[in-house]
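Asks: Sequence positions in the sequence shown follow my numbering and run 513 to 1404.
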Amino acid sequence: MEKIYEPKDVEARRYAEWEERGYFHAEPTPGKQKYSITIPPPNVTGSLHMGHALTYTVQDTLGRWKKMSGYTVLILPGTDHAGIATQNVVEKQIAKDGLTRFDLGREKFVEKVWEWKAEYGSRIVSQLKRLGCAFDWQRERFTLDERYADAVLQAFVRFYDAGLIYKGNRLINWCPRCQTVISDIEVEEEDQAGHLWHIRYPFADGSGSVVVATSRPETMLGDSAVAVNPEDERYAGLIGKMIALPLTDRQIPLIADSYASAEFGTGAVKVTPAHDPNDYEAGKRNNLAQITVIGFDGNMTAQAGERYSTMDRYDARNLVVEDLQELGLLEKVEDHPHRVPTCERCHTTIEPLLSDQWFMKMAGTDLVAGAINAAENDSIEFVPDRYKKIYLDWMNGLRDWPLSRQLWWGHRLPVYYRPDGTHVAARNWEEAVERAGTDQLTQEEDVLDTWFSSALWPFATLGWPEKTPDLEYFYPTDVLTTSREILYLWVARMIMTGVEFMGEKPFDQVYIFATVLDKKGRRMSKSAGNGIDPVEMIDKYGTDALRFSLLRLASKGQDIRFSEDRIPESRNFANKLWNAARFVLMYVGDGDSPIAPDIDSYSLPERWILSRLQHTARAVNASLASYDLDDACNALYEFLWNEYCDWFVELCKPALNGEDGAAKERAKFVLVTVLESTLRLLHPVMPFVTEEIWQAIPHKGATICSAFYPQPDEALVDLPAEAGMALLIDSITALRTLRAEFTPGGQENEAARAAILARRFTVTAVAETDSARTTLTDQLSALTNLARLGTVTIENAAPEGARTVATGVAGATFYIPADELLEGVDPVKESARLAAEITKLEKERGGLEGRLNNPQFVERALPEVVEKARADSADLTQRIAKLAARREMLAG
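1. How would you label residue 1084, buried or exposed, when you count the other beta carbons within 10 angstroms and need 16 or more for buried?
2. Quick one: give me the first and last residue of the alpha helix (DSSP H) that residue 768 is part of.
3. Decide if the segment 1117–1126 is in contact with the segment 1151–1159; the criterion is three or more beta carbon pairs, one per stretch, under 8 Å apart.
4. Excluding sequence positions up to five away, which residues of its chain have a Cβ less than 8 Å from the Cβ of residue 612?
5. On a Cα-Cα basis, can you pick out the residue from 1074, 714 and 1161 that is closest to residue 1098?
6. Which residue's Cα is closest to the Cα of residue 1212: 1341, 1189, 1298 and 696?
7. DSSP on residue 803, reduced to helix/strand/coil?
8. Taking the Cβ atom as the reference point for each residue, do residue 919 and residue 595 lie within a distance shorter than 8 Å?
9. Can you give the Cα-Cα distance for residue 881 and residue 961, rounded to whole angstroms?
10. Starting from residue 1101, follow its DSSP beta bridges and name the residues at the other end.
11. What is the DSSP secondary structure of residue 467, counted as helix, strand or coil?
12. So what's residue 746 in DSSP terms, helix, strand or just coil?
13. How is the alpha helix (DSSP H) around residue 851 delimited, first residue to last?
14. What are the boundary residues of the beta strand (DSSP E) that residue 1022 is part of?
15. Based on the DSSP secondary-structure assignment, which residues constitute the bridge partners of residue 894?
16. Give me the DSSP bridge partner(s) of residue 1181.
17. What is the DSSP secondary structure of residue 470, reduced to helix, strand or coil?
18. Quick check on residue 1280: does DSSP put it in helix, strand or coil?
19. So residue 798 and residue 769 are supposed to be a Cβ contact under 8 Å. How far apart are they, rounded?
20. What did DSSP end up calling residue 679 once you bin it into helix, strand or coil?
21. For the structure I just gave you, are there three or more beta carbon pairs, one from the segment 988–996 and one from the segment 945–954, closer than 8 Å?
22. Taking all protein chains shown into account, do 16 or more other C-beta atoms lie within 10 angstroms of the C-beta of residue 562, making it buried, or fewer, making it exposed?
23. Going by DSSP, name the residue or residues bridged to residue 844.
24. Starting from residue 1303, trace the beta strand (DSSP E) both ways and give me its first and last residue.
25. Under 8 Å: do the segment 635–650 and the segment 566–586 share three or more Cβ pairs, one atom per stretch?
26. Alpha carbon to alpha carbon, how far is residue 864 from residue 685?
27. With distances taken Cα to Cα, identify the nearest neighbour of residue 854 among 848, 862 and 842.
28. Can you give, in chain order, each stretch of the alpha helix (DSSP H) that sits fully within the segment 623–675 and has at least 4 residues?
29. For residue 1112, is the classification buried or exposed, using 16 other Cβ atoms within 10 angstroms of its Cβ as the cut-off for buried?
30. Can at least three beta-carbon pairs, one atom from the segment 1277–1288 and one from the segment 1319–1330, be found at a separation below 8 Å?
31. Considering only DSSP beta bridges, list what residue 687 is partnered with.
32. For residue 1151, collect the residues of the same chain with a Cβ closer than 6 Å to its Cβ; drop the 5 residues on either side in sequence, then sort them by chain order.
33. With a CB to CB cut of under 8 Å and the five nearest residues on each side skipped, what residues in its chain are close to residue 515?
34. Return the bridge partner residues of residue 580 from the DSSP annotation.
35. Run through DSSP, which three-state label would residue 968 get?
36. Spatial neighbours of residue 908 within its chain, please: CB distance less than 6 Å, with the 5 preceding and 5 following residues excluded, ordered by chain position.
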């Protein structure tokens, strides 16, 4: 093994070996347990971000764990055609040449998109490979693949034939920039500073007026009524009066509708059915006219009146306000911060517009009922379980799904129109002609919402609608790991289609993982400039370090505050593992494994580390099973770094370097056995460094990828050994701490500090039990060496006479002569230094106590914050007492 672990020298080579040897490929294996995941397909336009890095690391970790646990594992990868996103990218590209998609025409433009996909679409795939993902690339899918497209056509036609898909004129969310419909759950609400204009609407008969407030005065040109609450006594007797709509030659009625709130403003609201979802519903209830005054291009229409027609909607707003002011109809203007619906892709303000679109029925359908039942009867488990209620609440309030998109890139709707405007759905032209009874047909221009094709992902990727061996064996998949942002967009729709077409849920569990935020708790984004590029982190620290860092923070149900400074610790952990392996290989070599000794001959440290290994294996397996991946990583870190490296390796050195051949072989065997098991435990999380080390040490098998995942062996659990080692470790730690506490600070005490660090103290140990006495007696050499002691005697009582300083642990107390601890220390200077330190700590404690004595702090702060303040105060009190005792000792 090289002296230093260099990830860049290992990762590409190891990954290529795994791929070439087919370690990631899975075939149906009847009679053998399977574990399958179809990954959330990233957009073909995408590049790896931290959210991707987390979700795919989680999936890869679970898959590697299950494979090593004896399952046939399929993690099926693929990419999504991402209609709007991809079309936007290519439109921007051709715009550099002064062209639009309309200049090229549909066929040529789509060819351009396919060319772009061929050149750039594999970027995200290559980045997933850099992340170490053991995905079955032989089965990689794309949502516009021919076979996948056939599945989409089949699904659409079946829904159409069942009467679930229809065309209707309804209010939709329109993006003037992307020039397409977007669904409710693709709309992002952005907080924006705005205004509220209070406008006077005069009655047509001149008898008075009503005042309404609006944040969009330009839409008043399309008003069909003013509504008041029927219970609002202020307007009793006025219902039905006609209003002269300002800036137009139209009259509109004052109507009664519960949509209006008597408590809000004047109690009167303008009703614009063609430009607001709530107004649209009120308009339907009251049979109001739908007047479209803003067009699909974001400009005012002819119905807005000649003065405003063709103007940009925001320019029209300014002119409408000016005109109202000139007429004396503008009562007042208020600042009004409000939430504005925007397109999640381009952040253009959405325009609610009436449009003929294709919809899919949702509310009250068997399709939705089946998806609700799958969650209500716990057929699908949500992790964390709070997302079950969130999912069900949304499913019970569904509106019909707008399916059509005014794009060219995507699955073109398989709808064909006869000359009279009637239509049929069909999977191809021949079937359309047969169904329509004529060949005088025109296919629908619009494409399907990207999420329609993605909704089929768990089964279309496995061969549906054909009954393939893959589909029979790997469906339903075991877990879907995803972010909460697409719980509605994707997860709910997969459940609906899975239950509908397969008669069974698409996955057993839905694991909603954390959102990766920056260190200040903000979402990472390019625009905010706070994103961290995972590929850059891989280049700098290695894949394993990035993966381990993310998973250590991936607490179930809590978002991750992530920054680059989290990663070096994980890189150091990989280096610690590497150095431990190099140490072991100094003694073991790369030959056959050392011969297993008789279990009864193991030393206390050997029995202890083997026992701790079993506890670690149990904890890690349990944590992986419950998606507590942070706990799994922390258990591995604690075991490898603190128990194996810091203690066991050090305790082995006397045997490894001694003359006792049997003890040497025993130590070598346990060292390599525990290391090899630890590598297997770590492999799902840190695949590259573990494979590289595993290949260098004695092992069985061709790759660690297929090695058996460690399970706890109860025969090796040794609680007496753990108790004995706890006493030994605590004793050494306490004695080291005591030495450190009595080591004088300050530059003037440098000589005394060096002396006390080198001095081997005389120690009297008093054991409280027979077992403690036995342990200390048997491990006296280890205690003496690792605590750097001189003479150690084990007595039944504390020494009498000379002053001593005591330090105690559970089971024993240790006494050191005070003169030895204070030798070479200037008592006056050290006493002054300690006094200054006490003053500093007392001031710090005073601040904490002030907060704790404030009832408002105790009542309002988070419980964990209050508890930490109390713990910190208690710790300071203890430190102050120790320093005061040392000052007293210096005084003689």
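Beta carbons: idealized from backbone N, C-alpha and C, even for Gly.
Replies: According to the structure data:
1. exposed
2. Run containing residue 768: none in the alpha helix (DSSP H); it sits in the beta strand (DSSP E), 763–768.
3. yes
4. 603 and 606
5. 1161
6. 1189
7. coil
8. yes
9. 22 Å
10. Bridge partners of residue 1101: none, in fact.
11. The displayed coordinates of the chain run from 513 to 1404. Any statement about residue 467 would go beyond what the structure contains.
12. helix
13. It is not in any alpha helix (DSSP H) - residue 851 instead sits in the beta strand (DSSP E) that spans 850–855.
14. 1019–1024
15. 1022
16. DSSP output for residue 1181 lists no bridge partner at all.
17. In the structure as shown, the chain starts at 513 and stops at 1404, and residue 470 therefore has no counterpart that could be examined.
18. coil
19. 6 Å
20. strand
21. no
22. buried
23. 710
24. 1301–1307
25. yes
26. 5 Å
27. 862
28. 635–642 and 658–673
29. exposed
30. yes
31. 692
32. 1128
33. 1094
34. Residue 580 is not bridged to any residue.
35. coil
36. none
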